[in-house]
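What follows is one structure encoded as structure tokens, with my remarks underneath.
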Amino acid sequence: MAVPGRFASDGRQVTEWSARTEFTGDRLTSLMAEIDEAGDPDTGVETWPAESEDAVASWTQEEAG
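What follows is the structure, encoded as structure tokens:
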């Protein structure tokens, strides 16, 4: 993922995180279902990570080295 300008160095952690973040069709479907079940987008987005620990863990693990 190409990030222009200063953000690439100043936003290194965000850049690395966004490169690891991937919403597959199944993940997006589960997020949308969680929002629908919660009846409120904010609540659904807040509760979804607990239901999707594997995905979140793969996105938040630190790069080795």
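Counting from 1 along the sequence shown, just add 15 to a position and that's the residue number in my numbering.
Note that beta-carbon positions come from the ideal geometry of N, C-alpha and C, so glycine has one too.
- Message: With distance defined between alpha-carbon atoms, name the residue in D41, G26, T58 and G54 nearest to D69.
- Response: D41
- Please report how far the alpha carbon of T30 lies from the alpha carbon of L43, in whole angstroms. 21 Å
- Message: By the three-class DSSP mapping on this structure, what secondary structure does A79 have?
- Response: Any reading at A79 must be qualified, since the residue scores a pLDDT of 44, below 50, and its modelled position is unreliable; the value itself is stated next. If DSSP states are grouped into helix, strand and coil, A79 belongs with coil.
- As assigned by DSSP and simplified to three states, the class of W32: helix
- Message: Tell me the DSSP secondary structure of E37 in three-state form.
- Response: Of the three classes helix, strand and coil, the one that applies to E37 here is coil, per DSSP.
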